[in-house]
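Heads up: the sequence shown runs through residues 1 to 238, numbered per the working numbering.
Every residue, glycine too, gets a C-beta built ideally from N, C-alpha and C.
Fair warning: this is a prediction, and the values are worked out from it, not measured in the lab.
Worksheet for the structure shown next.
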Amino acid sequence: MKIALIGYGKMGRTIERIALSRGHEIVSVIDKDNQEDFNSDAFKSADVAIEFSMPSVAMDNYRRAFAAHVPVVAGTTGWLENMPEIKEACEKEGQTFFYASNFSIGVNIFFALNKYLAKIMNNYPAYNVRMEETHHIHKLDSPSGTAITLAEGIIDNLDRKSSWIESDSPQPDQLEITAFRRDEVPGIHTIVYESDVDTISITHDAKSREGFALGAVVAAEFLKGKKGFLTMEDLMKF
């Protein structure tokens with residue numbers, strides 16, 4: 001498979017290494033200094049582009065990839081207010097887009113576990129729920145896209161929470177998210193249910209970027225030959 005990389009930071013380099021080890025070809029690498037390569041024959045020849053960049057430029061990257069009719073696997077978070085435009089392009093223009101707030105296979109298992117636990121805890125109102133997430137100091141969005149996905153999974157299954165807030169003074173119906181930025185931490189997410197008598201918690205602790213990069217390459221492999229808007233729920237059918 002011919003892969004284009006959009007964004008060539010630490011994640012982009014890790015994705016490159018994993019893609020090559022799985023027998024794929026990197027035909028184009030686009031970063032901030034060579035934006036004109038979106039118009040190159042090399043980029044247009046790609047079967048799929050894997051994009052890990054910054055929230056401020058993500059939408060522009062997707063529009064340029066769509067203009068070249070190159071399917072996109074998107075790993076950047078912090079731009080989701082523009083998601084309707086992406087879904088419309090997939091529906092009306094026949095574009096192909098795969099989005100995940102987190103491509104780690106383990107994290108997506110954690111997403112499913114989080115929803116299941118929330119369904120159980122819906123019957124036990126004595127437990128309040130909160131979330132903590134920790135990432136490296138270079139991460140621009142807060143809370144993380146992964147934390148927001150976890151929060152949505154709780155809100156959809158726990159009647160006593162209707163929204164999330166990044167604050168230490170939440171209202172009773174708000175899910176409190178506390179975000180830490182520390183050193184080079186790849187990502188730690190903890191859900192805590194607490195009552196007067198005990199605490200129940202679940203945690204996902206990423207050891208490196210390898211899991212995220214591998215998941216993105218697996219998503220690219222899954223995307224080949226498909227059309228429309230897809231997510232990890234299409235790839236990982238539990």
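Could you tell me whether the Cβ atoms of residue i and residue j are closer together than 8 Å?
| i | j | result |
| --- | --- | --- |
| Ile3 | Asp41 | no |
| Leu158 | Val129 | yes |
| Ser195 | Tyr127 | yes |
| Leu175 | Lys161 | yes |
| Phe97 | Phe229 | yes |
| Ser144 | His135 | yes |
| Phe66 | Ala89 | yes |
| Gly313 | Glu51 | For residue 313 there is no data in the structure shown, the boundaries of the chain being 1 and 238. |
My assumption, with CB atoms under 8 Å, is that residue i sits in contact with residue j. Please give the rounded CB distance.
| i | j | result |
| --- | --- | --- |
| Met1 | Glu221 | 7 Å |
| Ile177 | Ala206 | Actually they do not touch by this definition, with Cβ atoms about 18 Å apart. |
| Ser45 | Thr76 | Actually they are not in contact, since the Cβ atoms of Ser45 and Thr76 sit about 23 Å apart, beyond 8 Å. |
Please identify the residue among the options whose C-alpha is closest to the C-alpha of residue i.
| i | options | result |
| --- | --- | --- |
| Trp79 | Asp60, Phe180 and Ala206 | Asp60 |
| Ser56 | Glu210, Glu133, Lys227 and Lys139 | Lys139 |
| Glu233 | Gly153, Ile86, His135 and Met54 | Gly153 |
| Gly225 | Arg181, Asp183, Thr14 and His69 | His69 |
| Arg181 | Ala19, Asn122, Thr231 and Glu132 | Glu132 |
Which class does residue i belong to by DSSP, given the choice of helix, strand or coil?
| i | result |
| --- | --- |
| Gln35 | helix |
| Val107 | helix |
| Met131 | strand |
| Lys115 | helix |
| Phe43 | helix |
| Glu202 | It is Ile, not Glu, that sits at residue 202 in the sequence shown. Strand at Ile202. |
| Leu230 | strand |
| Tyr62 | helix |
Practice item. Check whether the region 94-105 touches the region 210-218, taking contact to mean three or more Cβ pairs, one atom from each stretch, closer than 8 Å. Key: Taking 8 Å as the limit for Cβ pairs, the verdict is that the region 210-218 does touch the region 94-105.
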